[in-house]
Amino acid sequence: MNWPTHHGAMATRIRSHDWTTTCLGPIHTWPQSLRAAVEIVLQMSLPAILCWGRHAIVIANDTCSALSPGRDKQRTGCVLEDSWPDCPAFRDGIYLARNGCASFERDVQLEVGSKGSTRTAWFSRSYSPLHDETGQVAGALAVFVETTDRVLAEASLRESEHQLSAIFTHAQVGLSLLSLEGKFLRVNDSLCRMLDRPREALVGSSVMDITYAGDVEQTRHTFGKVIATGEPQSIDKRYVRPDGEYVWANSSISGLENGPGRTFTILAVTVDLTARKLAQDALADSEAKFRALAEASSALIWQLDEKGSAIYINPRHEVLLGIPPDQLLGYRWAFIVHPDDRAAAMDAMRNAVATQQPTQRRVRIRFVDGAWHWMEAHAAPWFTATGDYAGHVGIALDIDDAVRAQEDLLISNERLKLAIEGSGDGIWDWDLASNQIVYSPRAMHILCLSEPQPDDPFLGIERHVHADDIGLLRAELQACIDGTRPAFRMEYRVRTVDGGWRWVQARATVVARHMHTQLPQRMTGTITDISEKRRSEQVVWEHANFDLLTGLPNRRLFRDRLDHEICKAQRTGLPLALLFIDLDRFKESNDLLGHTIGDDVLVEAASRIRNCVRQSDTVARLGGDEFTAILTELDGGMHVERVAQKINETLCRPFTLGNEVAYLSASIGITLYPNDALDAENLIRNADQAMYVVKSQGRNHFSYFTPSMQHEANERLHLISDLRNALSRKQLRVHYQPIIDLMSGRLVKAEALLRWQHPTRGMIEPLRFIGFAEETGLISEIGDWVFRQAARCSRQWGKHTGAPFPVSINKSPVQFVSRLNEINWPDYLRELGLTGSSVSVEITEGLLLDASPVVTAKLLHYHNAGIKVAIDDFGTGYSSIAYLKKFSVDYLKIDQSFVRDIAFDMSDRAIVRSIIAMAHELGLEVIAEGIETLEQKKLLVDGQCDFGQGFLFSKAVPADEFERLLCASVRA
């Protein structure tokens, strides 16, 4: 196949790669949206990475592949977790884009290049979602823009600015910056002392105000020439001190460019010439002062004779050039200048002599490090009393960093502008020294700011941030400013224009600290609107914890609240009641009136039940027509009976829904804590038993749980007694239920299920006796026997498939804490010549939630041995995402209670799809249990469920019958 048409190396690998091993499938089956995305990525000049499909398959262009330090890290068709760059922030950006959220990262540091030749570089990364033909997000695109030059230039420029400021402050000559109108903008201490005026009096005043009246016109003319020609000028003039005395001074005036397209300011280097003007005998003293100033200066200061040979060189030459002054004296200066700059510099010097005007040039001079540095040289010819040329005097400042930074800054500013405008984030900059904060227009919009903020940014926090977030926001900002945290990052709420609240995420870092004190000088950050992300998380949480039809807590949240209320009752000593409410004849009404009316009935019933209890009580829907109510902090039994009677009465009233009328009632079972039970499981069982007693007694009333309802206790004792001998008498059986790959339809796994062939009771399902085995400790011996049986079958069936056949084995939580002669699974598998992948262990959610160090160690032992872990009946217990991240889980098994009604119950369908999507995002595979119809299978396949099992494919069968099913599947 000749697609893609691009001729790069990556295009070649795409054409030759075996894509059937990935979720993308053969290349000729790729959708047009994926093909178009690949073409765009391959043609991009910027480094780019494309992720597509549920497994996040990675395709990078040639530019990106050239960046990755190890080419094997960017191999064709790998999944996101195996791709370059290997960092959580990159994968987070991809995951956000795959969830429909574009994002942007600024100045991320990466090691790039091929093996043995890497370098440190900085990039900005943008993440964008990619959509398929249906408009759904199917992938993500990450584009890298290198910002190394800007990052380095900014750092260099900050250092250069600091050095120039130090020179200005500590110079021993009068230095001043003036506006084009001649007003002082900045003066140094030397100038203030020279003119005997404080800085406050000089700054803002005009140079003409302190100039002797007879020199004002000449001063204006000199300023005008600098402004008109841009050429430096020098003027001898008189300044007037406050006491009326004159100060003779020479001011060297030059224009300083502030950047392309901007006005320039005027730099005046003023030397006090009063002593020379007042008396000739002060000349020697003046020359000594000049020499002292030159030798203390950080600039190069020099003097040439009429032949161009150096007659004075200040010590700074040795520091910068590495040449002692005595080796420069008597030599011509041109040899230290870059060859390309010598001719122009010499012409400027000759022209200065001819015009008797100072000259200013930028030239490159070789420093002690061997590199050529840009310097700005100011030179002026001097003449004898007879007007003969006597030589030159000059000063040169190192401006290399500023020149190079200015060049790079022009480019990087354009790149930065494009990156910021495309990211959608707001930018803010906080000058900590002046306590002023500046927001970009986008930041103002996100933060809902319509006017400049108060001088103290912390006052703005009080005004705009949610009260619950203010304390933590202040603390996190202060921690970053103090240096106890390297960066600031927080999600918080800000007030919107309409009085509501918007979630935002702020990121920042201190970008400048004082060189000596390390006190923070500037903080820069971004602000991102994450309202949609927060709303999505809230929707997912509600789907996981609330019934979508009625809005009541679902089974998961009900169990969580029941556990919480039991703990609360233990502390307070106040009892609670659990009501199990089942709607009588609901199924008949549902079948007669239809599911739509049935749903309306359930919604109305939920509302009526909720109105019968207090706000502090909990009403939940467990599924179907089953509801529960938790009544807390009881002070007597009469309250419980009133509530139960009220529920009976309100549910007996007709349900009028449009033109239809339904008549229902309720059977209510009641159990009390702590009288009847001390834990949630027993309370639920007691209430359920009491409810079934009501059902058997005619319905439409309530009944308390009583000890007489435990008539099954005797049955339990008999079963336990028989169970103790079941294994030795060979009454236990292991049946195997096929697990099917829903995409291919192949039989790929099996679940080992225990059965008890009782001599008088017949076949007993494990639900009736596993609990007894756990209570008596028989579970360890039985579990080891089941494991050995399953392992042998895996080896036997592997002969038909060419590899050990995976068998899933349920393991009770009791087995994880039992240590009595327990079989070591990895060791036994090695004895049979099997690998850890031959079996997987199925555990419950509760085991992980309260995992002890022993359980954690055993799971890690299994993981290291290659034994995969599956969470059985996921969604019926706690369903905590936290333990999925903490432990090495490989599979989630969706409980059949969700699958059973998936075809017509939108709540169950939403839960199943949420579980599948969450599992795939976490890199887990999903097995659906209890598939009985083709419609259920189709919905699961559409939802991208990986595997399934149920009566639609086969019930659990003995080993020999399963082997026949496997052989038939292999032949097919």
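In the working numbering, each residue carries its 1-based index in the sequence shown increased by 44.
Just so it is clear, CB atoms sit at the ideal spot from N, CA and C, and this is done for glycine as well.
Mind checking whether residue i and residue j have CB atoms under 8 Å apart?
i    : j    : result
I674 : L593 : no
E190 : A165 : yes
P857 : T820 : no
F991 : D785 : yes
T309 : M238 : no
L476 : R566 : yes
I955 : H683 : no
Q993 : E979 : no
A92  : C108 : yes
T715 : F749 : yes
M962 : I925 : yes
I653 : I712 : no
L678 : P619 : yes
V548 : I514 : no
Quick check on residue i: does DSSP put it in helix, strand or coil?
i     : result
E756  : No answer about E756 holds up, because its pLDDT of 49 lies below 50 and its placement is not dependable.
D445  : helix
T65   : helix
A880  : The sequence given here has Gly at residue 880, not Ala. Helix.
A1003 : helix
E809  : coil
V195  : helix
M567  : strand
A909  : coil
H489  : helix
F699  : strand
N854  : strand
M534  : strand
I728  : helix
W472  : strand
Y1020 : For the chain, the structure presents residues 45 to 1016; residue 1020 sits outside this window and is missing.
I'd like the span of the alpha helix (DSSP H) that includes residue i, first residue to last.
i    : result
F134 : 132-142
D384 : 383-399
H265 : 260-273
D526 : 511-526
A963 : 950-965
Do you know offhand how far residue i's Cα is from residue j's?
i    : j     : result
P425 : D349  : 10 Å
L196 : M393  : 36 Å
R59  : T65   : 14 Å
A901 : L124  : 29 Å
A835 : E795  : 12 Å
E244 : V397  : 39 Å
P698 : L996  : 40 Å
A186 : R1008 : 50 Å
L771 : N865  : 16 Å
G527 : H560  : 15 Å
I101 : E177  : 18 Å
D253 : H422  : 27 Å
H964 : N598  : 23 Å
N908 : C95   : 30 Å
D473 : D542  : 27 Å
V875 : G846  : Here the sequence assigns Glu to residue 875, which means Val is not the residue at that position. The alpha-carbon atoms of E875 and G846 are separated by roughly 19 Å.
Residues in its own chain within less than 6 Å of residue i by CB, not counting five upstream and five downstream?
i    : result
L201 : A449
R953 : I946
T879 : G910
A552 : F532, M567, G569
D934 : K912, V913
H382 : R408, W416
Hey, quick one: how far does the beta strand (DSSP E) through residue i stretch, first residue to last?
i    : result
K937 : 935-938
W416 : 416-427
Leaving out five residues on either side along the sequence, give the residues of the same chain with a beta carbon under 8 Å from the beta carbon of residue i.
i    : result
K117 : Residue placement at K117 is flagged as unreliable, the pLDDT there being 46, under the threshold of 50; a coordinate-derived value is accordingly withheld.
K981 : L786, I975, G992, L996
Residues in the same chain with beta-carbon distance under 7 Å from residue i, minus the five sequence neighbours each way, listed in chain order, please.
i     : result
Q801  : Q775, R777, M807
A1016 : none
G987  : V956, R957, I960
Y356  : W346, Q347
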